[in-house]
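Okay, so the sequence shown: first residue is 59 according to my numbering, each after it adds one. The beta-carbon is built from N, C-alpha and C at its ideal position, and this holds for glycine as well. If you're wondering where the values come from, they're calculated on a predicted model, not measured in any experiment. Data block below; observations after.
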Amino acid sequence: MAEKQTVLGRITQLAKANINALLDRAEDPGKMIDQLIRDYTNNIAEAEDAVAQTIGNLRLAEQDHAADVAAAADWGRKALAASTRADELRAAGSTADADKFDNLAKVAIGKQIAAEQEATTAEPMIASQTEVVEKLKSGLAAMKDKLADLKTRRDSLVARQKSAEAQSKVQGALSAINVLDPTSEISRFEDKVRREEAKAAGQAEVAASSLDAQFEELEVSSAAVEVEARLAALKNPTS
């Protein structure tokens, strides 16, 4: 019985275990889930053996109790039959035979009392065993439910881990692409071309300014020549 109580204690503890709290405190939830799955699987197998053995013992006790109850009833019927026969013989004047059957009735009553005591003594043990069996069954069912939940969580966790690894690889690839972004290279090249174009335009403006200045100088020179020619004509009207 003590062994069954020990098994029942472990089953109750595991059945009531707060899986979420355990996983929240775990450094590696995946390893924690695998360990819990091993623990639950081993304890479920042990619990199933304990339940089977306890139920077997309970059924034997119930059979013995039923046999004691039946024996008590049977001895009661025999005691009544012997007592009735004794009364009939005594009424017929056969006192010796009547006493003989009364003695048989007493023996039967003694057997009846013993069987009733056996049945009464077994009833608390049967009630206790029945309670243990029900608790074992309930705890076993709860453990199986938690084991199924743990396996589902493990599959989900593995899937999430693979997804996270895939996302990490994608992000790494995207980061590499950003570092060597062809559009950024094109933008820098475009800026360089624009600067070259602006420089060429500036040079053109500089050249144009220089040419305009030369033409202005030429115009000034021509005007001066004209002034000098007209002045000479004034001085020498006949020439």
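Beta-carbon contacts of residue i that lie in its chain and below 8 Å, excluding the five residues immediately before and after
{"i": "residue 97", "result": "72"}
Beta-carbon proximity check, residue i vs residue j, cutoff 9 Å
{"i": "residue 201", "j": "residue 102", "result": "yes"}
{"i": "residue 164", "j": "residue 133", "result": "no"}
{"i": "residue 70", "j": "residue 191", "result": "no"}
{"i": "residue 127", "j": "residue 194", "result": "no"}
{"i": "residue 3", "j": "residue 204", "result": "In the structure as shown, the chain starts at 59 and stops at 297, and residue 3 therefore has no counterpart that could be examined."}
{"i": "residue 171", "j": "residue 130", "result": "yes"}
{"i": "residue 139", "j": "residue 160", "result": "no"}
{"i": "residue 199", "j": "residue 122", "result": "no"}
{"i": "residue 79", "j": "residue 197", "result": "no"}
{"i": "residue 188", "j": "residue 118", "result": "no"}
{"i": "residue 77", "j": "residue 207", "result": "yes"}
Helix, strand or coil at residue i [DSSP, three-state]
{"i": "residue 88", "result": "helix"}
{"i": "residue 134", "result": "helix"}
{"i": "residue 186", "result": "helix"}
{"i": "residue 151", "result": "coil"}
{"i": "residue 294", "result": "coil"}
{"i": "residue 67", "result": "helix"}
Among the options, the one whose alpha carbon lies nearest that of residue i
{"i": "residue 184", "options": "114, 129, 161", "result": "114"}
Other residues of its chain near residue i: CB distance less than 7 Å, five sequence neighbours each side excluded
{"i": "residue 148", "result": "156"}
{"i": "residue 19", "result": "The requested residue 19 does not occur in the structure, where the chain is confined to residues 59 to 297."}
{"i": "residue 211", "result": "91"}
Same chain, Cβ closer than 6 Å to residue i, five either side skipped, listed in chain order
{"i": "residue 93", "result": "none"}
{"i": "residue 259", "result": "none"}
ask   = Would you call the segment 172 to 184 and the segment 148 to 157 touching, i.e. three or more CB-CB distances under 8 Å?
value = The segment 172 to 184, when compared against the segment 148 to 157, does not touch it at the 8 Å Cβ threshold.
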